[in-house]
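A.B. asks: Below is a structure I'd like to ask you about.
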Amino acid sequence: MSKNPFHMLKILGADKEIISNNICFTGDAIALLNNYATTGKSLHLDDWDWYKELRSGAVCYIVTNIKEMSLPV
């Protein structure tokens with residue numbers, strides 16, 4: 001079992017799981033991921049700011065930040 005808590009992160013886009021090899025996170029987004037990685041909650045791309053980028057012929061999702069309305073109180 002991986003000691004990396006982000007290894008098992010489940011990422012959903014339009015309620016379909018996205019292969020994590022095609023997901024990249026900026027430093028700002030990584031700082032906000034701890035709650036998802038440690039609790040096993042699914043990360044829904046609808047709750048995050050992101051864009052698609054073509055890298056070596058594959059579509060990658062670049063996650064940049066969480067949307068303000070999605071921040072926990």
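If you read the sequence shown in full-length UniProt numbering, its first letter stands for residue 1, the second for the next number, and so on. Virtual Cβ for every residue (Gly too), placed ideally from N, Cα, C.
Under a three-way DSSP split, which group does glycine 40 fall into?
C.D. replies: As a working note, residue 40 is residue 40 in the sequence shown. In the structure shown, glycine 40 sits in coil (DSSP, three-state: anything other than H, G, I, E or B).
A.B. asks: So aspartate 46 is in the beta strand (DSSP E); what residue range does that whole segment cover?
C.D. replies: What you label residue 46 is simply residue 46 of the sequence shown in a count that begins at 1. Looking at the DSSP string, aspartate 46 is not in any beta strand (DSSP E), and its letter there is neither H nor E.
A.B. asks: Give the range of the alpha helix (DSSP H) segment to which proline 32 is assigned.
C.D. replies: By one-based count along the sequence shown, residue 32 stands at place 32. Checking the sequence, you will find leucine at residue 32 rather than proline. Leucine 32 -> alpha helix (DSSP H) spans 27-32.
A.B. asks: On the CB-based measure, 16 or more other CB atoms within 10 Å of its CB, does valine 63 come out buried or exposed?
C.D. replies: Along the sequence shown, one-based indexing puts residue 63 at 63. Classification of valine 63: buried, given that the 10 Å Cβ count is 16 or more.
A.B. asks: Beta strand (DSSP E) containing asparagine 65: first to last residue?
C.D. replies: Position 65 of the sequence shown, counting from 1, holds the residue named residue 65. It spans 58-66 - the beta strand (DSSP E) in which asparagine 65 sits, taken as one unbroken run.
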